[in-house]
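Accompanying notes for the structure given below.
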Amino acid sequence: MNKHGFTLMELLIVVLIIGVLSSLALPQYMRSIERSRATEAMSSIKALNDAVYAYAAGRSGNNACPTSFRRLVVSFPAETLNDDGDTITTSNFIYRINSATNAPIAGTDCPGVTAQRNAGDTFDYVIWNPYLAGNTGRSRILACYSPSSNAASQGVCDSLDLVTDQTPGASF
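Last residue of the sequence shown? That's 424 in the working numbering, and every number before it is there in order.
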């Protein structure tokens with residue numbers, strides 16, 4: 253008897269094995285993608301906070317801190333969907349100037365910029381720079397938290413080795 257091809261059972265077993273392997277790999281892939289998005293936000297926060305610092309240098313009084321991103325000399329690298337002045341909305345984040353952080357940018361009295369993930373139900377973390385030395389001995393560290401204590405969001409914060417037990421406005 254000469255057999256040509258595979259039996260239905262052999263094909264089903266191969267499809268089942270591929271399905272199991274992909275179900276194991278997909279969550280790790282999604283975490284990697286989210287981690288790269290968070291890294292992009294960290295880079296943007298650095299650029300925006302440096303622009304706030306440059307704006308505030310040499311200024312004093314009520315006009316020392318910018319109240320709008322439009323006052324800053326900075327090229328924002330992300331695709332900007334909306335710029336309301338005090339917020340910039342991209343496809344992944346909402347950046348806010350003069351945000352809820354009460355920790356000023358080092359060398360100024362100006363509060364820092366926050367980046368809040370706007371992905372809906374999956375991720376809701378906020379990245380900000382408290383500009384304070386924490387218990388870890390690091391200075392000018394970034395902090396990250398999830399307003400709803402979402403486990404997936406906290407996982408992204410943890411994977412980036414960011415301080416995760418603080419919220420904007422809290423002190424270390």
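All residues carry an ideal CB built from backbone N, CA and C; glycine is no exception.
- Note on geometry: alpha-carbon atoms of Pro363 and Pro356 lie some 4 Å from one another.
- In the structure shown, Val267 adopts helical secondary structure according to DSSP, grouped into three states.
- By the C-beta density criterion, Thr259 is exposed, having fewer than 16 other C-beta atoms within 10 angstroms.
- Closest in alpha carbon position to Ala316, among Tyr305, Asn381 and Arg322, is Tyr305.
- Between the C-alpha atoms of Ala404 and Phe375 there is a straight-line separation of about 6 Å.
- CA-CA distance, Leu264 to Met282, rounds to 27 Å.
- Here Thr259 carries a coil assignment [DSSP, helix/strand/coil].
- Between the alpha carbons of Lys255 and Met261 lies a distance of about 14 Å.
- Here DSSP, grouped into helix, strand and coil, assigns Pro356 to strand.
- At least 8 Å separates the beta-carbon of Arg289 from that of Leu412.
- About 6 Å separates the CB atoms of Ile379 and Ile297; that is less than 8 Å, so the two are in contact.
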